[in-house]
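Notes for the one structure printed next.
Protein chains: 2
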Amino acid sequence: MRASEIIEKAKKEGRSVLTEVECREILKEYGIPIPEGYLARSEREVREIFAKVGAPAVMKIVSPDVIHKSDVGGVKLNIQSEKDAIIAYNEILENVKKNVPEAKIDGILIQKMIPEGIETIIGGTFTPQFGHALMFGLGGIFVEIMRDVSFNIVPISEEDAREMIEEIKGRAILEGVRGKISVDKDALVNILLAVSSLLKDHPEIVELDLNPVIALEDSAFAVDARMILGEPKFIREREYTREEILEQMRRIFSPKGIAIIGASSDPTKLGYAVLKNLVESEFDGEIYPVNPKGGEILGKKVYTSVEEIDGEVDVAVLVIPAKFIPNEIERLGRKGVVGAVVLASGFAEVGNKELQEELVEKARKHRVRILGPNIFGFYYTPRSLCATFCTPYYEKGGTALICQSGGVGMGIIGYSRSNRMGVSAIVGLGNKSDIDEDDLLEFFGEDENTRVIAMHMEDMKDGRSFIEVATRVSKKKPIVVLKAGATKEGQRAASSHTGALGGDLAIYDAVFKKAGIIRASNLEEMLDIARALNLLPVPKGENVLILTGAGGLGVLLVDACVKHGLKLMRLPDDLDAKFREYIPPFGATGNPVDITGGEPPETYEATLKIALEDDRVHAIIIGYWHTLITPPMAFAQAVIRAKEEAEKKGKRKPMVAVLAGDVEVEEASRYLEERGIPAFPYSSERAVAVMGALYKWARRAGKI
Amino acid sequence: MRASEIIEKAKKEGRSVLTEVECREILKEYGIPIPEGYLARSEREVREIFAKVGAPAVMKIVSPDVIHKSDVGGVKLNIQSEKDAIIAYNEILENVKKNVPEAKIDGILIQKMIPEGIETIIGGTFTPQFGHALMFGLGGIFVEIMRDVSFNIVPISEEDAREMIEEIKGRAILEGVRGKISVDKDALVNILLAVSSLLKDHPEIVELDLNPVIALEDSAFAVDARMILGEPKFIREREYTREEILEQMRRIFSPKGIAIIGASSDPTKLGYAVLKNLVESEFDGEIYPVNPKGGEILGKKVYTSVEEIDGEVDVAVLVIPAKFIPNEIERLGRKGVVGAVVLASGFAEVGNKELQEELVEKARKHRVRILGPNIFGFYYTPRSLCATFCTPYYEKGGTALICQSGGVGMGIIGYSRSNRMGVSAIVGLGNKSDIDEDDLLEFFGEDENTRVIAMHMEDMKDGRSFIEVATRVSKKKPIVVLKAGATKEGQRAASSHTGALGGDLAIYDAVFKKAGIIRASNLEEMLDIARALNLLPVPKGENVLILTGAGGLGVLLVDACVKHGLKLMRLPDDLDAKFREYIPPFGATGNPVDITGGEPPETYEATLKIALEDDRVHAIIIGYWHTLITPPMAFAQAVIRAKEEAEKKGKRKPMVAVLAGDVEVEEASRYLEERGIPAFPYSSERAVAVMGALYKWARRAGKI
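Residue numbers (the numbering used here), protein chains in the order written: chain G, 263 to 966; chain R, 263 to 966.
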């Protein structure tokens, strides 16, 4: 029987657990090696099969009613002779009949006992966001105590499979330690790939454990298998095609006309704030205030309804109470509005799921896309568009910021303003009733005004689509994500090992890795990375050089480089010699290049030029120490001179700086930042963290 | 023979490795259980001993020339009969004679084979900073692959020993998993304590491995032992008594008179900058410029030498070239100067060790304490004393900052000024030729102007003294340390497991833990913690409450609490009900208390009052969201009203805040900070990190 037939049969019989014989059939179909074995239903068959399989053998009960075979005396190991096999056969039958009297017994599986090898575990578990997550780990105590496992999302590539194996902390165990064998990793890779195919073809297998998979020197065998059937229901399926989404988003972010439904003349009302932001901006589209009262506000004619508007309306910002919104969506749909920005709360977030469902249903029907509800709106600086009741923000730049929570969004606006960070967009997602990160990723992926995408995320609705889009976009532009709720261990009900180990945390990690996403560990880090990656060019290789005026700072920068996965360049002798010309004779050689604290700005400039002009150096971290001979601005100007001279010669490299000194370093940091060098005063790690993020992205995106 | 005799004998014989029989004798003396066993020198003795020991037995070669016994066929396991014992005896002798022909053979050890249990490893290794580090770990693959070990410094307490066991990641293995036994942890504790005593009594044992120590249900046995002798040389030994140090430091930080050796009238010289800082400050001691040229500078009479000064001089700041300094120290000593602040570089840091040794020798002889060389000087704000060429700094506060590197020190000054952080002192340590962190800890520990001590540290000279002082001081005041070079794995030559695993990183971690020190992971975190702990009162218990106006911020704060080891209070029903009176009906219950974004300042105030007045709440983290109804300053004022009202009722609790919003949150953060609440705009983790640091300290100091 083929897998589909086996699954069909089990379903018909109302079974969710497949028997071992059924599992073995399925594994065979997918080319997953299992120990030779056959089902015995009589003493005669025991003799025949034992002769075929040979000693030592293992015997196990096969019954749809027995799940934990060992617990009921249903397993016998190391059977050495035909006589022992007969005894074991009868003992197993007796045990099972005694312990599970009602059990339907299919027979007893006699299989070849696999020699001692390294126990591993391979499994899969279905998640409603992402589909199946695949797990690999070392078996036994390692998986149970150390939770030393790795995940990826089905389907996986061969490279993914290899990475899963290499990510295990105890991977050295697979390579032979303490006189143990070095196992056949290719065999494990093949099983991982086969399980991925199996789960892709048969998503009804919602949980799967191959435990153990015994890895040997030249092979690997799935010795025991469990498969559980269920209904793999996704939270959300993609509604629109990529082309449709791109067209919708283009119209939303660059509308010809924008209506404010619920525009108000009362300056204390949100309906006034939104209108004022639009009217007072340089937004060059049409602005249509809508309010049944009519009249004029801020010099604009007020329409009594959206139908009354003559011109084309792409976006409507709704500043009316929640209960009126679903019907308004119908009107907007008829008018041809593509984007409805729903600021109001009072939907799912307060428990009113019905109202949100009504909203979404009407939006789908009329092909209106909903942003929100429960958001502050959005900003798109290339059009000077501030569709929000918050304060306007126009500073243009290459970073698009997306946030699920309004509170976090406000933090983003303040940080951007305070750090004069240019942005292309800031978008609130709120309840994500319709538009979610996938839609925005599609748009920002293509948007020529956006170089970096940063997002704060609490949950994910359509994770498969997210992976698909993010994997594509992250090849072109860095995506940095702050996943909130990361420490909440997934409390998922699961009857398999894999299910129990696949908490939200582990799965999200696998998703981000697969999609080439940089993960930020807190809001401040996300903002730092978003800000810096907009400035930094892509490095051409792994060689990072630290150039510092203070040895003590150099040591802290080295610590940070190790922490953030940066590779400190080993200086070739000729390059080292070039630097040494500028370093006092007692200065240390190598990387960090420590010019020592007594040097003038010219030494910073000269050594930086050497680093910039040598093609073997790919990225530079500068550690500045405030001295009388090199005050902060003199340092900053020297750095920029070197940078600009190098750029004239076509040399562009990512550079970051930390500045230790008195308060003048703040001005110097701004000077550097405005000229393309992310700079951090009073800090030893933030600069390195953003460089680390750049490299994580560049590696994943295949740039280096 | 007793341990001391055994060690004496080995030394006399020029041996650094003790034999197994010698190790067994020593272990017996210290009450460490070993399997019963005796040395056999003939077949007759084999028969006698086997009869005594019984089956199963283990037999091992005993020879001072054989270190790796298994490798040369010198071990036989699981001997079941007298006959097998005789065969094994002869085989071992043959193997050893073949493989190590020149080996002197003492005999063959026959010992009882310990039943299968859990393999652990206990070891010790001597370090020149700290003395012996003690290690505990799970044996075999766990120690080799997972490096799952814990360290402490000899001598340890029973509590330390228990903690070492509990710190192991795989500790569940000791508690019975997969049908294995639950082992006798008390027996392991006793062995750890005994090894600690042994190494304390006999520091010549520079490396020790008990590997494995087999742990059983009701006992534990050291089955194999290795001890290596050496000369335990410390980097530095304490020179002065605690009373002497306190007196010296008191005079240095509050001098009656201060001399500037090398005072200059040239404003471009450091000798001018130092004098100017002193003259223009409110420092009320006497200031004596010294320069052979005499005359007057900045209205002060210049003395041609220190001898010429009539008044008492406690401190001299030396702004003269390095080569003149040792002789100057002699003059200072004769004058009765206690502290010489040596700014100049040109000593050990540039390879001129001889000059530094001369300096130290002269200082010791004349009992002058040296600060530096190679430093910027020091600040002590209670006396408005800026003994430095850097810009003056007077902002008074409770934080004393110590830094080894000048570059880092400059960063501290800038950060302090920018954040208006009050300090009691900022001290450069530089080469630490004499005064080091121990001396300063003694002083700041007693200094009533200092509440928190923060230090940047690269290396440590007298680690034992540091542990002793820091352990004492940290009970009273928090100490936060930024250890630079933390990622540099210790490349220590070591012939034992314990030695190889005890890299600098692991040992420093153990030292800081033992001494009750908070470890900062980078410069910015050290400064944040130093600033915040000066403001925060000590919590009375573990119950942390999050109060937030934005659910999204609440989630990020929970993540950060988990990361920083804070315990989120489970709200009792009556307290939850009190909060609910102020929360919209759809708001979530529990902790975080989410008042939602639509609430006015009064709701922040009212809910904060509830939290402050309920004694079951011990610490509060506030998450603010900038809204039209509650602008930043209105929020900040509401918080301070609640705080001040609670304080009138005698309720003081540590509170920190994160503020998400537009740039006005920066002003609100300053307002909060000036009133005792560390506040962080655009951040989700920094506030929680400082609260976590406060708790780490409070727990270690036994405050909660």
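Ideal Cβ placement from N, Cα and C applies to all residues, glycine included.
Note that the structure is predicted; figures quoted are calculated from it, not measured.
Quick one, which residues of the region 906-940 of chain G are near chain R if we go by CB-CB under 7 Å, in chain order? A922, G923, D924, V925, V927 and E928
Could you give the first and the last residue of the continuous beta strand (DSSP E) run that contains D766 of chain R? That residue, D766 of chain R, is in no beta strand (DSSP E); its alpha helix (DSSP H) goes D766 to K776.
Compare the C-beta of A755 of chain R against all C-beta atoms of chain G and say whether one is closer than 8 Å. Confidence at A755 of chain R is low in this model, with a pLDDT of 37, below 50, so its placement is unreliable and the value that follows should be read with caution. For A755 of chain R, no Cβ of chain G is located within less than 8 Å of the residue's own Cβ.
Smallest Cα separation from I683 of chain R: which of R:E421, R:E936, R:L798 and R:Y866? Note that residue 683 of chain R is Met in the sequence shown, not Ile. The option with the nearest alpha carbon to M683 of chain R is R:E936.
As a quick exercise: from R:G316, R:D486, R:S680 and R:A908, pick the residue whose alpha carbon is nearest that of E287 of chain R. R:D486
Can you give me the C-alpha to C-alpha distance between V927 of chain G and I269 of chain R, rounded to a whole angstrom? 59 Å
Give a yes or no on whether the C-beta atoms belonging to G438 of chain R and G859 of chain G are separated by under 8 Å. no
Counted within 10 angstroms of its Cβ, other Cβ atoms place F586 of chain G as buried (16 or more) or exposed: exposed
Measuring straight from C-alpha to C-alpha, what distance separates T733 of chain G and P916 of chain G? Straight-line Cα distance between these residues: approximately 24 Å.
Taking 8 Å as the CB-CB limit, is H330 of chain G close to chain R? no
With 16 other CB atoms within 10 Å as the buried threshold, where does A434 of chain R fall? exposed
Close-in-space but distant-in-sequence residues of the same chain around E282 of chain G (CB under 7 Å, 5 per side omitted): Once the five neighbours on either side are set aside, the close Cβ partners of E282 of chain G are K322, V324, L371 and A487.
Mind listing the chain G neighbours of I675 of chain R? Cutoff is C-beta to C-beta under 7 Å, in chain order. D924
Option in G:R504, G:E505 and G:T382 with minimal Cα separation from K976 of chain G: Lying before the first or after the last residue shown, residue 976 of chain G is absent from chain G, which here runs from 263 to 966.
Cβ contact (3+ pairs, closer than 8 Å) linking the region 594-607 of chain R and the region 630-640 of chain R: yes
Reducing DSSP to helix, strand and coil, say where Q373 of chain G ends up. In the structure shown, Q373 of chain G falls within a strand segment according to DSSP collapsed to helix, strand and coil.
Is D721 of chain G near the ligand PLP, judged by its Cβ being under 7 Å from some heavy atom? Among the components of this structure there are no ligands whatsoever, and the ligand PLP is therefore not found.
Who pairs with F398 of chain G in a beta bridge, going by DSSP? Answer is G:I384 and G:S412.
What does a CB cutoff of less than 6 Å around F706 of chain R pick up in its chain, not counting 5 residues either side in sequence? Once the five neighbours on either side are set aside, the close Cβ partners of F706 of chain R are A662, T712 and I715.
At a Cβ cut of 8 Å, what residues of the region 679-705 of chain G count as close to chain R, listed as they run along the chain? R679 and S680
Return helix, strand or coil for C648 of chain R, following the three-state DSSP convention. strand
Only counting the same chain, and skipping five residues up and downstream in sequence, which positions put a Cβ closer than 6 Å to that of N553 of chain R? Closer than 6 Å at Cβ, skipping near neighbours: A525 and V564.
Taking the alpha carbon of S304 of chain R as the point to measure from, which residue in R:E298, R:L339, R:K274 and R:A350 has its own alpha carbon closest? When only C-alpha atoms are compared, the closest one is R:A350.
How long is the line joining the alpha carbons of I969 of chain R and A949 of chain G, rounded to whole angstroms? Absent from the structure is residue 969 of chain R, since the part of chain R shown begins at 263 and ends at 966.
Amino acids of chain G, ordered along the chain, whose beta-carbon sits closer than 9 Å to that of H888 of chain R: By Cβ distance, chain G contributes C652, G669, M672, G673, I675 and G676.
Which residues, in order along the region 620-649 of chain R, keep a beta-carbon less than 9 Å from a beta-carbon of chain G? none
Should P390 of chain R go down as buried or exposed, given a rule of 16 or more other Cβ atoms within 10 Å for buried? exposed
As a quick exercise: from R:E909, R:P894, R:L621 and R:M717, pick the residue whose alpha carbon is nearest that of E929 of chain R. R:P894
Candidates R:L647, R:D856 and R:L795: closest to L819 of chain R by CA position: Here the closest residue by C-alpha is R:D856.
Roughly how many angstroms separate the alpha carbons of S757 of chain G and K442 of chain R, rounded to a whole number? A caution first: S757 of chain G carries a pLDDT of 44, below 50, which makes its placement in the model unreliable, though a value can still be read off. Distance between the alpha carbons of S757 of chain G and K442 of chain R: 23 Å.
Kindly list, in the order they appear in chain G, the residues whose Cβ is closer than 7 Å to that of R948 of chain R. Within chain G, the residues near R948 of chain R are E786.
With a threshold of 8 Å between beta-carbons, can M408 of chain G be considered close to chain R, or not? M408 of chain G counts as touching chain R.
How many Å lie between Y655 of chain G and I791 of chain G at the Cα? 20 Å
Run of the alpha helix (DSSP H) containing V950 of chain G, from where it starts to where it stops: R948 to R962
Status (buried if at least 16 other CB within 10 Å, exposed otherwise) for T503 of chain G: exposed
Are the C-beta of F848 of chain G and some C-beta of chain R separated by less than 8 Å? yes
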